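Sequential numbering from 202 applies to the sequence shown in my numbering. Notes follow once the structure below has been shown.
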Amino acid sequence: MGIFRVPLQPQSSHTSMDFPYQVTTFQNGARLASIEMPHMRSVSTGWWVGVGGRHERAKESGMSHFLEHLLFKGTIRRNARQITAAVEGVGGYVNAFTTEDHTCFYAKAGTRHFGRVCDVLGDMLLDSTLPPVEIEREREVIREEIMMYRDQPAQHVHELLTATLWPEHPLGRPLTGSVETVSKMTRENILAFRDRTYTGANTVLTVAGPISHREAVERLGPWVERLPRGRRPRYERSPDLPSRPAVSLHTHDTEQTHLAMGFRTWGRGDERRFALKLLSVILGENMSSRLFQKLRERHGYCYSISSGMVTLDDTGALQISAGLDPAKLEPAIRLIMAEINALAERGPTRNEVRMAQDYTIGQTLMGLESTTNQIMWMGESLLGYQGVLRPDDVEEKIHAVGKLDIQAVAAECRKRARIGVAIVGRVKGAERIAGWL
Numbered sequence: 202m203g204i205f206r207v208p209l210q211p212q213s214s215h216t217s218m219d220f221p222y223q224v225t226t227f228q229n230g231a232r233l234a235s236i237e238m239p240h241m242r243s244v245s246t247g248w249w250v251g252v253g254g255r256h257e258r259a260k261e262s263g264m265s266h267f268l269e270h271l272l273f274k275g276t277i278r279r280n281a282r283q284i285t286a287a288v289e290g291v292g293g294y295v296n297a298f299t300t301e302d303h304t305c306f307y308a309k310a311g312t313r314h315f316g317r318v319c320d321v322l323g324d325m326l327l328d329s330t331l332p333p334v335e336i337e338r339e340r341e342v343i344r345e346e347i348m349m350y351r352d353q354p355a356q357h358v359h360e361l362l363t364a365t366l367w368p369e370h371p372l373g374r375p376l377t378g379s380v381e382t383v384s385k386m387t388r389e390n391i392l393a394f395r396d397r398t399y400t401g402a403n404t405v406l407t408v409a410g411p412i413s414h415r416e417a418v419e420r421l422g423p424w425v426e427r428l429p430r431g432r433r434p435r436y437e438r439s440p441d442l443p444s445r446p447a448v449s450l451h452t453h454d455t456e457q458t459h460l461a462m463g464f465r466t467w468g469r470g471d472e473r474r475f476a477l478k479l480l481s482v483i484l485g486e487n488m489s490s491r492l493f494q495k496l497r498e499r500h501g502y503c504y505s506i507s508s509g510m511v512t513l514d515d516t517g518a519l520q521i522s523a524g525l526d527p528a529k530l531e532p533a534i535r536l537i538m539a540e541i542n543a544l545a546e547r548g549p550t551r552n553e554v555r556m557a558q559d560y561t562i563g564q565t566l567m568g569l570e571s572t573t574n575q576i577m578w579m580g581e582s583l584l585g586y587q588g589v590l591r592p593d594d595v596e597e598k599i600h601a602v603g604k605l606d607i608q609a610v611a612a613e614c615r616k617r618a619r620i621g622v623a624i625v626g627r628v629k630g631a632e633r634i635a636g637w638l
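So, in structure tokens, the structure goes:
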């Protein structure tokens, strides 16, 4: 969605012309952030819980995602169809997603339906009944989801890459869990997990639209105040880097070979994150990037190639992915590594730095014109940095990155111990592939 989250010091909860966010902290530790956007005619609302795949024990793998599904399946007052119809029936939408470190339920509707949206989200989060029949039905749905992702090589290769970058660690497990773990989850297990993690101290609410902060607090406060205070869940720290590159292959009879390369990097609080973002843009985040221009435009190796970042509390990754003709796999990997080596040895040009800065800032600011992107910005800021980030500070930090900063992070990324490669397709020989890096 074009919004870059960066590690800045959190701001105070006051509002001003250059910092339009307001934050209220409830007695149970829950926080509500809002931005009033009077020119909009709709409002977006998010309910965030700071729990995801990395907080799960091995036997709980996939439980955050399973619970996310189940909260749509019935409450004291609404059945599954009535939950979605209450929002869709007025032209809005309601959805949810699970990540490694948080779960988000969000909805958008016309401003005059804000009260209804708050009521639906509160009902789901506080009064879901988790009917046994729905648990069994949704268990089958998630099994199908797991198999669907396995049948989609472009998706499967990224799951394989995370397992390669963080082996034998919760970060390396699929967010959906496995067929085995999902099959063994009981209603009692799921309720215990919800009671342990869905607490006030672990909850953030966000509102963006033509709604005052006072109204947001009045509408959502009675719901969120029902949560017990609790505490934020702990997680297992990221493992040490391996001693050499890791390569994972899944031989599959596909027309394309799907490649995902990862370079283990740093957590949210590391100042190098700014330079790493610009490195990602220069490499492959748009059609002007080095990899798009060389692999697609000059050599015709692929239809698309892209880069991006994973940013977590204690670790992260720069990722590059592409779908290729199997015969083009070796030259493509060698070319990708050649570009990273060139940036590590000579750095980017002055024009590349300027374009990457302008692109990053432009994408961020355009994204924040959307109420949905605003609630994402606030929610991820509060969960990740304990305060809402100031967009002007982001711009300042990006402008402060120079050629040598980008060159330094490229040099770190190319260290062989940081590299992981995953491939799905008609390919064999992991040791041979490691030799191309």
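Ideal Cβ placement from N, Cα and C applies to all residues, glycine included. Because the structure is a prediction, the values reported are computed rather than measured.
Legend entry - Straight-line gap, ARG415 to SER235 (C-alpha atoms, nearest Å): One-based indexing of the sequence shown puts residue 415 at position 214. One-based indexing of the sequence shown puts residue 235 at position 34. So the alpha carbons of these two residues sit roughly 9 Å apart.
Inset, instruction - Can you tell me which of GLN564, LEU326, PHE267 and GLY410 puts its alpha carbon nearest to the alpha carbon of ILE277? - result: The count along the sequence shown starts at 1 and reaches residue 277 at position 76. Here the closest residue by C-alpha is LEU326.
Legend entry - Own chain partners of MET241 with C-beta closer than 7 Å, once the 5 adjacent residues on each side are dropped: By 1-based counting over the sequence shown, the position of residue 241 is 40. The residues are GLY410, PRO411 and THR572.
Legend entry - Per-residue burial, ALA533 [other beta carbons within 10 Å of its own, 16 or more giving buried]: Looking up residue 533 in the sequence shown gives position 332. Result: buried.
Inset, instruction - Name, in chain order, the residues that DSSP records as bridge partners for MET510. - result: Along the sequence shown, one-based indexing puts residue 510 at 309. According to DSSP, MET510 bridges with LEU519.
Legend entry - Residue from SER505, THR550 and LEU428 with nearest C-alpha to ARG395: Start at 1 with the first residue of the sequence shown, and residue 395 comes out as number 194. Ranking SER505, THR550 and LEU428 by Cα distance to ARG395 puts LEU428 first.
Legend entry - Contacting residues, own chain, Cβ-Cβ under 7 Å from SER413 (five flanking each side not counted): Counted from its first residue, the sequence shown places residue 413 at position 212. Same-chain partners within the cutoff: GLU237.
Legend entry - Residues that DSSP places opposite GLU237 in a beta bridge: As a first step, residue 237 must be located in the sequence shown, where it is residue number 36. The partner list for GLU237 (beta bridge, DSSP) reads GLY410.
Inset, instruction - Take the Cβ of GLN210 as the centre, count every other Cβ of all protein chains shown within 10 Å, and call the residue buried at 16 or more, exposed below. - result: Position 9 of the sequence shown, counted from the start, is the residue given in the question as residue 210. Residue confidence is low: GLN210 scores 35 on pLDDT, short of 50, so the model does not pin down where it sits. No coordinate-derived value is stated.
Legend entry - Distance between beta carbons of HIS303 and GLY251, contact taken as under 8 Å: Within the sequence shown, residue 251 is the residue found at index 50, counting from 1. Within the sequence shown, residue 303 is the residue found at index 102, counting from 1. That pair is a contact at about 5 Å.
Legend entry - Buried or exposed (CB count within 10 angstroms, at least 16 for buried), ARG206: Position 5 of the sequence shown, counted from the first residue, corresponds to residue 206. Annotation note: pLDDT 34 at ARG206 (below 50); position unreliable, no value reported.
Legend entry - Helix, strand or coil at GLN223 according to DSSP, with G and I counted as helix: Numbered from 1 along the sequence shown, position 22 holds the residue referred to as residue 223. Three-state DSSP puts GLN223 in a strand.
Legend entry - Span separating the alpha-carbon of ARG320 from that of LEU362: The residue labelled residue 320 in the question sits at position 119 within the sequence shown. The residue labelled residue 362 in the question sits at position 161 within the sequence shown. The sequence shown places Asp at residue 320, not Arg. Taking the straight line from one Cα to the other gives about 40 Å.
Legend entry - Burial state of VAL628, where buried means 16 or more other Cβ atoms lie within 10 Å: Start at 1 with the first residue of the sequence shown, and residue 628 comes out as number 427. With 16 or more Cβ atoms within 10 Å of its Cβ, VAL628 is classed as buried.
Legend entry - Alpha carbon of LEU605 to alpha carbon of MET510, nearest angstrom: Here residue 605 refers to the residue found at position 404 when the sequence shown is read from its first residue. Here residue 510 refers to the residue found at position 309 when the sequence shown is read from its first residue. Spanning the two alpha carbons is a distance of roughly 20 Å.
Legend entry - Residue of MET577, ILE537 and SER522 minimising C-alpha distance to GLU360: Start at 1 with the first residue of the sequence shown, and residue 360 comes out as number 159. Of MET577, ILE537 and SER522, the residue nearest in Cα terms is SER522.
Inset, instruction - Below 6 Å CB to CB, which residues in the same chain sit around ASN229 once its five sequence neighbours on both sides are set aside? - result: Residue 229 sits at position 28 when you count from the first residue of the sequence shown. Correct list, in chain order: GLY401, LEU428 and ARG430.
Legend entry - Secondary structure of ILE620, DSSP reduced to three states: In the sequence shown, the residue the question calls residue 620 occupies position 419. The answer is strand: DSSP assigns ILE620 an E or B state.
Legend entry - Nearest residue (CA-CA) to LEU366, options GLY630, GLY517 and PRO354: Taking the first residue of the sequence shown as position 1, residue 366 is located at position 165. With respect to the C-alpha of LEU366, the residue from GLY630, GLY517 and PRO354 having the closest C-alpha is GLY517.
Legend entry - Validate contact between the segment 481 to 494 and the segment 527 to 544 using beta carbons, cut 8 Å, 3 pairs: These segments touch.
Inset, instruction - Establish whether the CB of PHE306 and some CB of chain B are separated by less than 8 Å. - result: Considering every chain present, this structure includes no chain B. It has just one protein chain.
Inset, instruction - Return helix, strand or coil for ASN296, following the three-state DSSP convention. - result: Numbered from 1 along the sequence shown, position 95 holds the residue referred to as residue 296. In this structure, ASN296 counts as strand in the three-state DSSP scheme.
Legend entry - Cβ pair count under 8 Å reaching 3, the segment 609 to 626 against the segment 265 to 281: When Cβ pairs closer than 8 Å are counted between the two stretches, the segment 609 to 626 is seen not to touch the segment 265 to 281, the count staying below three.
Legend entry - Validate contact between the segment 473 to 488 and the segment 382 to 392 using beta carbons, cut 8 Å, 3 pairs: no
Inset, instruction - Report yes or no: do the segment 259 to 277 and the segment 297 to 311 share at least 3 C-beta pairs separated by less than 8 Å? - result: yes
Inset, instruction - Rounded to whole angstroms, what's the CA-CA distance from HIS357 to GLU596? Just pull it up for me. - result: If you number the sequence shown from 1, residue 357 lands on position 156. If you number the sequence shown from 1, residue 596 lands on position 395. So the alpha carbons of these two residues sit roughly 35 Å apart.
Legend entry - Three-state secondary structure assigned by DSSP to ALA612: Stepping through the sequence shown from its first residue, residue 612 is reached at position 411. The answer is helix: DSSP assigns ALA612 an H, G or I state.
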